[in-house]
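Q:
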Amino acid sequence: MGTALVIENDPTDDPRRLGEWLVEGGLELRVLRPHAGDELPDDLDGYVALVVLGGDQHAYPAPDGTPGAPWFPKLEGLLRKAVRHRVPTLGVCLGAQLLATAHAGLVERSPSGPEVGPGVVGRRDAAESDLLFRYVPLIPDVLQWHTDEITELPRAATLLAASTRYPHQAFRLGDRAWGLQFHIECDTAMIAEWAHGSELLAELGYDEDLVVAACDRVMADVEEVWQPFAVRFAALALGELDDDTRRSLPLLGH
1 MGTALVIEND
11 PTDDPRRLGE
21 WLVEGGLELR
31 VLRPHAGDEL
41 PDDLDGYVAL
51 VVLGGDQHAY
61 PAPDGTPGAP
71 WFPKLEGLLR
81 KAVRHRVPTL
91 GVCLGAQLLA
101 TAHAGLVERS
111 PSGPEVGPGV
121 VGRRDAAESD
131 LLFRYVPLIP
141 DVLQWHTDEI
151 TELPRAATLL
161 AASTRYPHQA
171 FRLGDRAWGL
181 QFHIECDTAM
191 IAEWAHGSEL
201 LAELGYDEDL
211 VVAACDRVMA
221 DVEEVWQPFA
231 VRFAALALGE
241 LDDDTRRSLP
251 LLGH
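Printed below as a string of structure tokens:
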């Protein structure tokens, strides 16, 4: 077994179902909670993967230059080291935004407004040759909850999924680092916690109970797509996934 380092940026966004799926795939998890005072390591020695979760912070600095969270500069440094040293990496929502900003991408308050609740994204052609995304359906179900957006991807990034209003829904850096603007880790209880007393939902005029119910209805569909994705990520981290896309594509009719 190998150990994945999981960075929890916000106490309301823990690994939840994603963590369960990674463990099913054979990984052990070490969860660090810098929001509670855990120190981030200087490097990724001893870890076979890096997972960075979401949170309510901004990936970009405040007008006075203060980072969105005190640990973000060091976390961005870890993300750069992960890509440079080909450590399998997965960033979710804020984690994806930090993966982008760590590599000179641009994250801003979304000009299209907030995106909240169940939705779908469209897989791009480049996903056909991607180790993880080539088995994702053409229009997979996802869960959204963000007000910021990656408006410019890093120059070296490969776009893997998009949607009409938010063109950068999933991307890859190098051959082993993925960013997902959407959420795959949530269960209904997590969504309910986010929705309860949410100023964002009130601002949008959304009914809390209706949002939770709508998300709950797609939980099985989200799992159907993203549980195998997470298990494949774990297999890659453990050295059990064939890196040669051409050799491992299934033959038609088999």
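Each residue of the sequence shown is one higher than the last, beginning at 1 in UniProt numbering. Beta carbons: idealized from backbone N, C-alpha and C, even for Gly.
1. Beta carbon of T147, beta carbon of L200: below 8 Å?
2. Can the beta-carbon of V142 be found closer than 8 Å to that of V120?
3. Closer than 6 Å by C-beta to A157: which residues in its own chain qualify, once you throw out the five before and the five after it? Chain order, please.
4. With distance defined between alpha-carbon atoms, name the residue in E185, L79 and E208 nearest to V225.
5. Identify every run of the alpha helix (DSSP H) within the stretch 29–99, keeping only runs that are complete inside it and at least 4 residues long; order them along the chain.
6. First and last residue of the alpha helix (DSSP H) that includes V136?
7. May I ask you to report which of helix, strand or coil DSSP gives F171?
8. Quick check on the burial criterion: 16 or more other C-beta atoms within 10 angstroms. Buried or exposed for L138?
9. Which word fits P11, buried or exposed, when buried means at least 16 other C-beta atoms lie within 10 angstroms of its C-beta?
10. Can you tell me which of N9, G55, G68 and M1 puts its alpha carbon nearest to the alpha carbon of V48?
11. Distance, Cα to Cα, A82 vs D209?
12. Please tell me whether G54 and G95 are closer than 8 Å, where the distance is taken between their beta carbons.
13. Quick one: grab the DSSP three-state call for I7.
14. Is the stretch 180–196 close to the stretch 214–230, with three or more CB pairs under 8 Å?
A: Let's see:
1. yes
2. yes
3. F171 and L173
4. E185
5. 72–84
6. Careful: V136 lies outside any alpha helix (DSSP H) and carries neither H nor E.
7. strand
8. exposed
9. exposed
10. M1
11. 40 Å
12. yes
13. strand
14. yes
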